[in-house]
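Numbering (the working numbering), first residue to last: 95 to 288. Using N, Cα and C, we set each Cβ at its ideal position, and we do this for glycine too. These numbers were taken from a predicted model, which means no experiment stands behind them.
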DNA sequence: TGAATGATGCGCT
DNA sequence: GCGCATCATTCAT
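(1) Excluding the 5 residues preceding and the 5 following residue 276 in the sequence, name in chain order all residues of the same chain whose CB lies nearer than 6 Å to its CB.
(2) Which residues share a DSSP beta bridge with residue 228?
(3) Please report the distance separating the alpha-carbon of residue 296 from that of residue 243.
(4) Give the DSSP bridge partners of residue 186, in chain order.
(5) What residue range is occupied by the uninterrupted alpha helix (DSSP H) comprising residue 111?
(6) Please check the pair residue 227 and residue 196, which I expect to be a contact at CB under 8 Å, by giving their CB distance rounded to whole angstroms.
(7) Report yes or no: do three or more beta-carbon pairs, one from the segment 158–167 and one from the segment 180–187, lie closer than 8 Å?
(8) Report buried or exposed for residue 224, applying the criterion of at least 16 other Cβ atoms within 10 angstroms of its Cβ.
(9) Find out if the Cβ-Cβ distance for the pair residue 120, residue 250 is shorter than 8 Å.
(10) Measuring alpha carbon to alpha carbon, tell me which of 124, 204, 141 ends up nearest residue 113.
(11) Using only alpha-carbon positions, find the residue among 126, 124, 117 that is nearest to residue 135.
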């Protein structure tokens, strides 16, 4: 089993926009209580530091966002709109708060365990949004701050990189719109929006 | 096929 | 009390 390379902390502890490009095409693996789930990452957004008004860390450290201020390579999961969770990967060296929001992925292993939402859509739409991903994987605030270099949840390089990576402005924000900090695999049908 | 809208809880001012 | 890194449904074209 496995045989693939688990991404180390040094992968995450770099400038966020570099990590964003490199993370497209990597696989996220979650060893859930029900079994192994995995998916190929096809869309992320960058949220970078005090100077980015859309970043939760822009107004300083709080109980909610404190993991972003710590070491790279841990999960940052928050609750939004009263019913959804969003998964992020903390980037940059400790003390420099930043993260990548996982927006979409292609289901790989454990698709039968992934919790489907209300509507019935094809497999390529099952993880096509940040809220949908966490719902399908069963991730909540209970999984905030998990170490991505551990064995419960981690990223792997399975040698399936993106062909073309497109950059656009970020979705669903009111401030910091000018930055083109959304990255996605142009060849994927699982991207949330084109 | 796209725009509008309701659901629903909580962090923060 | 307001606004939110969303989504599924409804209604209009």
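Taking the coordinates as given:
(1) For this step, residue 276 is matched to residue 182 along the first chain. Excluding positions up to five away in sequence, the list reads 139, 262, 264.
(2) Position 134 of the first chain, counted from the start, is the residue given in the question as residue 228. DSSP, once it has assigned bridges, lists no residue as partnering residue 228.
(3) The question about residue 296 has no answer here: the residues shown for the chain are numbered 95 through 288.
(4) Locating residue 186 in the first chain gives position 92, counting from the first residue. Answer by DSSP bridge pairing: none, since residue 186 is not bridged.
(5) For the purposes of this step, residue 111 is taken as the residue at position 17 of the first chain. 110–117 is the extent of the alpha helix (DSSP H) around residue 111.
(6) The residue labelled residue 227 in the question sits at position 133 within the first chain. The residue labelled residue 196 in the question sits at position 102 within the first chain. About 6 Å separates the two Cβ atoms, so the contact holds.
(7) Touching, yes.
(8) The count along the first chain starts at 1 and reaches residue 224 at position 130. So residue 224 counts as buried.
(9) Within the first chain, numbered from 1, the residue matching residue 120 stands at position 26. Within the first chain, numbered from 1, the residue matching residue 250 stands at position 156. Closer than 8 Å, so yes.
(10) Reading the first chain from its first residue, position 19 is the one you call residue 113. Checking every option, the nearest Cα to that of residue 113 belongs to 141.
(11) Within the first chain, the letter at position 41 stands for residue 135. Of the candidates 126, 124, 117, the one whose C-alpha sits nearest the C-alpha of residue 135 is 117.
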